[in-house]
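Colleague:
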């Protein structure tokens, strides 16, 4: 039987952990709002961008833009890994990292070299521990991704792709499906798949305002050449802010279940505490009664 | 008569969305003005200033733009820009300070490092703001 004092100490420790997890839950819940607002603020840009690009791509068919051309041999693959700076968010980081590791193994088995861009401290730590040096590393931005960060990654990816040093660019991140649910996503950034884009646009054709004859300035190909890099950047920026929103969601869920578990534990421990105390009292009484009976005899 | 709706959006936010009488943008091949019923057009924009005139003969609202595109349909003008700021809000002294700080930082960097950052675009953006505000 554990003694009363030990149990009391455990109850106190669990209760103070609970306070921390509950606070983190509430902080995350407050941050979800800001993060989703940011995603919403970026949506008009990316949707207009996609619509525009689909329209242009349709008209500028046969464009020989380097970003559209598929490389026959895939020797160098760039993986942009988007995770968080902080842990305590359940499986948020490990899901992405595990997926990336599988992806790397697959590609390496196919004879490709994999380069990594690590966004978020957790990715940096993970890869450094495995002696994989990320080509680029971003820290302290996961909660607050900037367009500059996305631009930097984009510039690197596009330069590499155009010069033939990279044959494929993939981004892996958590998509915030809703406040409570995250979804692992792997997106092909380069080469840009215009067919998928066109298919997307066909679905929303009713909403598309650009139809019939459209004037392009300087010309359709010229517009396309300028739009494609911006599109890549939008994709990456979107992945970053989406992941930021997902991170807060994941943390809230994780902290909520931690708080619930702590509650349950306090309850069990309190029950045990009472039982042990009652047991001690009973023993004491029976000792007194026994002692008194012995004296009487 | 304001039959034109104009949006200015950047990746980070929607900066402006309201009715307009006329929108003037800096296209790569020269300035263009749009009135209601303009033929559908998509154009790349030069860095510079876009002006929105809310009412005929009225005051114009100016925005500094960098790296933009414009999409025009009969009733709507959408300006997508990498960066944008209302000209009124440009603080020239602050921008000047930022520019000199960036330039001194840039001179200490190799071209390779610069390619990995957005510093060249930052410098260009400062210059655009100063040019526009002047």
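Residue numbers (this note's numbering), protein chains in the order written: chain H, 1 to 297; chain B, 1001 to 1134.
Just so it is clear, CB atoms sit at the ideal spot from N, CA and C, and this is done for glycine as well.
Quantities reported herein were computed from a predicted structural model and do not represent experimental measurements.
(1) Determine the DSSP secondary structure at residue 1056/B, reduced to helix, strand or coil.
(2) Is the region 214-233 of chain H touching the region 1041-1052 of chain B in the sense that three or more CB pairs, one from each, lie closer than 8 Å?
(3) Closer than 9 Å by beta-carbon distance: list the chain B residues that pair up with residue 303/H, in chain order.
(4) Assuming residue 224/H contacts residue 56/H under a Cβ cut-off of 8 Å, what Cβ separation, rounded to an integer in Å, is found between them?
(5) Distance check for residue 240/H and residue 180/H, CA to CA, integer angstroms please.
(6) Going straight from the alpha carbon of residue 140/H to that of residue 71/H, what length do you get?
(7) Does the beta carbon of residue 1023/B sit closer than 7 Å to a beta carbon anywhere in chain H?
(8) Can you tell me the Cβ-Cβ gap for residue 1123/B and residue 1102/B, rounded? I've got them flagged as a contact below 8 Å.
(9) My understanding is that residue 96/H touches residue 170/H, with C-beta atoms under 8 Å, so please give their C-beta distance in whole angstroms.
(10) Could you give the distance in angstroms between the alpha-carbon of residue 1029/B and the alpha-carbon of residue 230/H?
(11) Any contact of the region 1014-1025 of chain B with the region 1088-1097 of chain B, i.e. 3+ C-beta pairs under 8 Å?
(12) Could you name the residues of the region 46-57 of chain H whose beta carbon sits closer than 9 Å to any beta carbon of chain B, in the order they occur along the chain?
(13) At a CB-CB cut-off below 9 Å, which residues of chain H make contact with residue 1043/B?
(14) What's the call for residue 298/H, buried or exposed, on a 16-neighbour Cβ count within 10 Å?
(15) Can you tell me which of the three DSSP states residue 1089/B falls into?
(16) Do residue 1050/B and residue 1087/B have their CB atoms nearer than 7 Å?
(17) Leaving out the 5 sequence neighbours to the left and right, which residues in its chain are closer than 7 Å to residue 84/H when beta-carbon positions are compared?
(18) Compute the Euclidean distance between the alpha carbons of residue 273/H and residue 283/H, then round it to the nearest angstrom.
(19) Three or more C-beta pairs closer than 8 Å, one from the region 151-170 of chain H and one from the region 16-27 of chain H: is that the case here?
(20) Identify the residues that DSSP records as bridge partners of residue 31/H: which are they?
(21) Along the beta strand (DSSP E) that carries residue 1026/B, what are the first and last residues, could you check?
(22) Does the distance from the CB of residue 74/H to the CB of residue 168/H come in under 7 Å?
(23) Tell me whether residue 1072/B is buried or exposed, calling it buried when 16 or more other Cβ atoms sit within 10 Å of its Cβ.
(24) DSSP beta-bridge partners for residue 115/H?
(25) I want to verify the contact list: residues of chain B whose CB lies under 8 Å from the CB of residue 226/H, in sequence order.
(26) Alpha carbon to alpha carbon, how far is residue 245/H from residue 1003/B?
(27) Identify each residue in the region 148-160 of chain H for which the Cβ-Cβ distance to at least one residue of chain B is less than 7 Å, and report them in chain order.
(28) List the residues of chain B whose Cβ lies closer than 9 Å to the Cβ of residue 237/H, in chain order.
(29) How is the alpha helix (DSSP H) around residue 131/H delimited, first residue to last?
(30) What residues from chain B crowd round residue 44/H, counting only those whose CB sits closer than 8 Å?
(31) If you measure from the CB of residue 111/H, is any heavy atom of the ligand NAP nearer than 6 Å?
(32) Relative to the alpha-carbon of residue 117/H, which residue among 128/H, 30/H, 108/H has its alpha-carbon at the smallest distance?
(33) Taking C-beta to C-beta, are residue 172/H and residue 99/H nearer than 7 Å?
(34) Figure out for me which residue from 195/H, 138/H, 20/H has the closest Cα to the Cα of residue 81/H.
(35) Which of the three DSSP states, helix, strand or coil, is assigned to residue 96/H?
(36) At which residues does the beta strand (DSSP E) containing residue 170/H begin and terminate?
Modeller: So, to answer that:
(1) Coil at residue 1056/B, not helix or strand.
(2) Taking a cut-off of 8 Å on C-beta distances, the region 1041-1052 of chain B touches the region 214-233 of chain H, as three or more cross pairs fall below it.
(3) Residue 303/H lies beyond the range of chain H shown here (1 to 297); nothing can be said about it.
(4) Between residue 224/H and residue 56/H a beta carbon distance of about 5 Å is seen, short of the 8 Å cut, so the two are scored as contacting.
(5) For residue 180/H and residue 240/H, the distance between alpha carbons rounds to 18 Å.
(6) Going from the Cα of residue 140/H to the Cα of residue 71/H covers about 34 Å.
(7) It does not; no Cβ of chain H falls within 7 Å.
(8) Going by Cβ atoms, the distance from residue 1123/B to residue 1102/B rounds to 5 Å, so yes, they are a contact pair.
(9) Contact doesn't hold; Cβ gap of about 12 Å is too wide.
(10) Roughly 20 Å between the two C-alpha positions.
(11) No: the two stretches stay apart, fewer than three of their Cβ pairs being nearer than 8 Å.
(12) Taking 9 Å as the Cβ-Cβ cut-off against chain B, the residues of the region 46-57 of chain H that qualify are 46, 48, 49, 51, 52, 55, 56.
(13) Those are 215, 216, 217, 218, 223, listed as they occur along chain H.
(14) Because chain H in this structure spans residues 1 to 297, residue 298/H falls outside the shown range and cannot be described.
(15) Looking at residue 1089/B - three-state DSSP - the assignment turns out to be helix.
(16) Taking the C-beta atoms as reference points, residue 1087/B is found no nearer than 7 Å to residue 1050/B.
(17) The answer, listed in chain order, is 92, 93, 120, 122, 142, 247.
(18) About 15 Å.
(19) For the pair of segments examined, the region 151-170 of chain H was found not to touch the region 16-27 of chain H: the number of CB pairs separated by less than 8 Å stays below three.
(20) Per DSSP, none; premise fails for residue 31/H.
(21) Residue range 1022-1027 is occupied by the beta strand (DSSP E) that includes residue 1026/B.
(22) Going by C-beta atoms, residue 74/H is nearer than 7 Å to residue 168/H.
(23) Flag for residue 1072/B reads buried.
(24) Its beta-bridge partners are 78/H.
(25) Simply 1044, 1069.
(26) Distance between the alpha carbons of residue 245/H and residue 1003/B: 37 Å.
(27) Taking 7 Å as the cut-off between beta carbons, the residues of the region 148-160 of chain H near chain B are 148, 151, 152, 155, 156, 159, in sequence order.
(28) In chain order: 1011, 1012.
(29) Premise fails: residue 131/H is in no alpha helix (DSSP H) and is neither H nor E.
(30) Within chain B, the residues near residue 44/H are 1007, 1009, 1014.
(31) The ligand content of the structure shown is nil, which means the ligand NAP is not present either.
(32) For residue 117/H, the closest of 128/H, 30/H, 108/H by C-alpha to C-alpha distance is 128/H.
(33) Yes, they are a contact pair.
(34) With distances taken between Cα atoms, residue 81/H lies closest to 138/H.
(35) Residue 96/H carries a helical assignment under DSSP once its states are collapsed to helix, strand and coil.
(36) Taken as a continuous stretch (DSSP letters only), the beta strand (DSSP E) holding residue 170/H covers 168-178.
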